[in-house]
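Structure first, then comments.
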Amino acid sequence: MLYTRLLPYASLFAVAANAQATSDLILGGGSTSTTSSSASTSGSSSGSSSGSSSTVPTSGLSEPATPTGSYISYSSTITIEFTTSSSAITTSAILSTITSGSTTETTTLGSTTIFGYSTEETTSNVTSSTTAPTTSQLLLSGSFSATSTVTLNSTSSTSTQPAPSATCNNYPQFCTRKYGNITEVSAHNSPFIKSGNAAANQDLSVTAQLNDGIRLLQGQVHFNGSVPHFCHTSCDVLDAGPITEYLGLVYNWVSSHPFDVVTILIGNGDYKPVEQFVPFLQQTGLVKFAYTPPKIPMGIDDWPTLSQFILTGKRVLFFMDYQANQTSVPWIMDEFSQMWETPFDPTDRSFPCTVQRPPNLSPQDAKNRMYLMNHNLNYDINILGNSLLVPNFPLLNITNNITGYGSLGSSTQNCENMWGFPPKFLNVDYYNVGNGSVFEVAAMYNNVTYNRTCCGLPTSGSMKLETAGRSATFGLVLVVLSWMFL
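Residue 486, in full-length UniProt numbering, is where the sequence shown stops; the numbers in between run on with no holes.
Given below as structure tokens:
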């Protein structure tokens with residue numbers, strides 16, 4: 001019985017032992033270590049800049065389970081009106097072309113209308129009104145129209161089809177469905193894929209993640225000096241590099257996938273003012289795709305359809321957990337006034353679907369917002385005064401499964417039963433474990449069929465660490481048993 005209870009823990013120790021040859025364990029775990037109750041700077045240090053994985057001794061380290069900070073609430077809705085003083089310069093069609101074998105199908109999604117000169121963005125609420133000039137913008141209008149089919153090596157076209165064949169986020173049904181009414185898979189700590197580092201949360205590159213169907217990319221940011229890096233708890237534990245490198249890859253993918261809508265959730269680990277992120281995000285090129293909502297905050301039914309995002313070209317949604325300021329930077333949306341989360345970095349396999357952040361949210365308000373379900377199971381291990389929160393590798397196949405106690409499917413059903421609608425995002429570790437099971441769960445609650453191939457080849461994380469765990473488990477069990485009976 002004692003051996004059975006210790007075996008999963010020994011596997012986790014094996015992970016850490018494989019990641020570092022010395023006696024120091026690599027810290028694993030959640031997406032943040034900041035526990036300040038206000039918007040002040042966290043006490044964790046960013047550390048020195050490093051492009052490779054780094055390790056720290058565990059002695060005396062403690063990783064708090066839940067981050068906190070200031071939460072924004074609105075007594076009234078702020079509306080943002082867009083007006084332009086110019087006339088149309090040019091109009092052109094938006095086409096989707098899909099080739100299968102010897103047949104090419106072309107769908108007209110709508111038309112683009114380019115307006116020049118200046119645009120004014122007016123923000124107003126009950127008590128005040130501000131006006132700020134912006135640059136020229138691209139406005140698109142139109143609707144779905146017929147699909148034409150052309151056979152290769154043929155000189156004539158066949159008859160038109162009654163419905164478009166274009167897919168939006170991999171499903172044609174999503175094109176006319178509102179953003180808030182689609183359940184999608186989120187890569188918890190998407191950038192953290194360092195080989196041999198137990199603090200990693202994913203196996204595959206961000207490009208592979210997007211190719212496989214991940215549509216929310218979430219990661220914690222700490223400033224390494226004056227430059228924001230994706231760092232896990234601190235940059236001494238896992239430094240995935242400057243955010244510009246990772247988001248540059250996202251830009252490349254978004255640019256080459258014009259019919260996909262991607263969400264990016266920035267964890268502001270140091271509680272920096274949102275304005276400090278802007279120049280770095282501008283460097284990535286993603287800002288030209290950034291969506292600005294017409295009002296603040298947005299309720300679950302206020303969001304556009306995916307086709308509306310696509311037609312306007314504003315296909316990237318930025319959220320920030322703490323320190324967002326939509327009157328200053330309107331395209332970086334405050335997460336918790338528009339989306340709530342279930343318990344963070346859960347260690348409870350029952351995965352209660354309760355509101356943890358923002359605190360004290362009324363059930364009525366919760367039902368008017370999207371929500372993110374944290375379904376990334378962790379071990380909370382305390383050894384010799386060290387507190388470690390690490391992904392639960394031995395149970396990954398069950399955690400990411402469709403059915404069974406502690407499975408993603410079971411938790412999603414529990415949430416739907418409790419709130420009347422499924423989560424917007426399913427936030428998981430090592431989404432590829434289960435060979436697409438996480439996407440199958442999302443498809444079930446979207447009433448569509450998942451028939452894609454998953455997943456890309458692993459570059460780090462669970463697959464390699466799992467092997468290390470199997471090879472070293474026996475020896476480490478003996479070590480742990482010896483320590484237990486000292």
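Beta carbons: idealized from backbone N, C-alpha and C, even for Gly.
Computed from a predicted model, the values in this text were never measured in an experiment.
- Message: Give the list of continuous beta strand (DSSP E) stretches no shorter than 3 residues that lie fully inside the segment 202–258.
- Response: 216–224, 227–231 and 239–242
- Task: Tell me, please, which residues DSSP counts as bridged to Leu168.
- Result: Note that residue 168 is Cys in the sequence shown here, rather than Leu. Its beta-bridge partners are Tyr171.
- Task: Kindly indicate the opening and closing residues of the beta strand (DSSP E) around Phe289.
- Result: Neither: Phe289 is in no beta strand (DSSP E) and is coded neither H nor E.
- Any idea what DSSP makes of Ser73, helix, strand or coil? coil
- Three or more C-beta pairs below 8 Å linking the segment 396–410 and the segment 450–459: no
- Message: Run through the DSSP bridge pairs and tell me what Gly456 is partnered with.
- Response: Paired residue(s): none; Gly456 is not in a bridge.
- Query: What are the uninterrupted segments assigned as beta strand (DSSP E) that are 3 or more residues long and contained completely in the segment 320–380, given in chain order?
  - Reply: Here the runs fully enclosed are 332–334, 339–341 and 370–374.
- Hey, Lys314 and Ile78 are a contact pair by Cβ (cut 8 Å); roughly how many whole angstroms apart? The Cβ separation is near 19 Å, so there is no contact.
- Message: Helix, strand or coil, according to DSSP, for Asn181 in the structure here?
- Response: helix
- Alpha carbon of Pro293 to alpha carbon of Pro191, nearest angstrom: As the crow flies, the alpha-carbon of Pro293 is around 26 Å from that of Pro191.
- Kindly give me the distance between the Cβ atoms of Trp331 and Tyr291, rounded to whole angstroms, as I take these residues to be in contact under 8 Å. Tyr291 and Trp331 do touch by the CB rule: their CB atoms are close to 7 Å apart, below 8 Å.
- Label Gln338 either buried or exposed according to how many other C-beta atoms from any shown protein chain fall within 10 Å of its C-beta, with 16 as the threshold for buried. buried
- What's the call for Gly30, buried or exposed, on a 16-neighbour Cβ count within 10 Å? Only weak support exists for where Gly30 lies, its pLDDT of 37 falling under 50; the value from the coordinates is given anyway. Classification of Gly30: buried, given that the 10 Å Cβ count is 16 or more.
- Query: Taking the alpha helix (DSSP H) that Gly409 falls in, what are its first and last residues?
  - Reply: Leu408 to Trp419
- Item | Proximity to Gly180 [Cα-Cα], best of Ala324, Thr327, Pro228 and Phe309 | Selected option, being the one with the closest Cα: Phe309.
- Message: So, under 8 Å CB-CB, Asp429 and His222 are touching, yes? Tell me the CB distance rounded to an integer number of Å.
- Response: With 8 Å as the limit, Asp429 and His222 do not qualify as a contact, their Cβ atoms being about 20 Å apart.
- Query: alpha helix (DSSP H) containing Val433: first to last residue?
  - Reply: Counted as a single uninterrupted DSSP element, the stretch harbouring Val433 is not any alpha helix (DSSP H), since DSSP gives it neither H nor E.
- Query: For Asp301, is the classification buried or exposed, using 16 other Cβ atoms within 10 angstroms of its Cβ as the cut-off for buried?
  - Reply: exposed
- With Ile310 as the anchor, note down where its alpha helix (DSSP H) starts and where it stops. For Ile310, the enclosing alpha helix (DSSP H) stretches over residues Leu306 to Thr312.
- Item | Where Phe277 falls: helix, strand or coil (DSSP) | coil
- Just tell me which of Val355, Arg349 and Pro363 has its CA closest to the CA of Asp380. Of Val355, Arg349 and Pro363, the residue nearest in Cα terms is Arg349.
- Which residues bound the beta strand (DSSP E) around Leu265? Val262 to Asn268
- Message: Is it buried or exposed, Lys424, if we count other Cβ atoms within 10 angstroms and call 16 or more buried?
- Response: Classification of Lys424: buried, given that the 10 Å Cβ count is 16 or more.
- Task: Quick one: grab the DSSP three-state call for Ala200.
- Result: coil
- If you follow the alpha helix (DSSP H) that Leu396 is part of, which residue opens it and which one closes it? Leu396 to Thr399
- Rounded C-alpha distance that separates Ser437 from Cys231: 28 Å
- Query: Where does Val390 land, buried or exposed, given buried means 16+ other C-beta within 10 angstroms?
  - Reply: Buried, because 16 or more other Cβ atoms sit within 10 Å of the Cβ of Val390.
- Message: Please state the DSSP three-state secondary structure of Phe318.
- Response: strand
- Helix, strand or coil: how does DSSP classify Val390 here? Three-state DSSP puts Val390 in a strand.
- Backbone secondary structure at Ser190 - three-state DSSP: coil
- Hey, Thr250 and Val278: beta-carbon distance below 8 Å or not? With the sequence shown as reference, residue 250 is identified as Val, and Thr is not the correct amino acid for it. Their beta carbons are not under 8 Å apart, which means Val250 does not touch Val278 by this criterion.
- CB Asp236 to CB His229, shorter than 8 Å? No. Outside cutoff.
- Item | Chain-order list of residues whose beta-carbon lies under 7 Å from that of Arg177 (same chain, five-residue window excluded) | Contacts found: Thr305 and Leu306.
- Message: Between Gly225, Val185 and Phe319, which has its C-alpha nearest Gln209's C-alpha?
- Response: Val185
- Using CA coordinates, which residue listed in Ile80, Ser226 and Met298 is at the minimum distance from Ser73? The option with the nearest alpha carbon to Ser73 is Met298.
- Along the chain, where does the alpha helix (DSSP H) that runs through Ser437 open and close? Ser437 to Asn446
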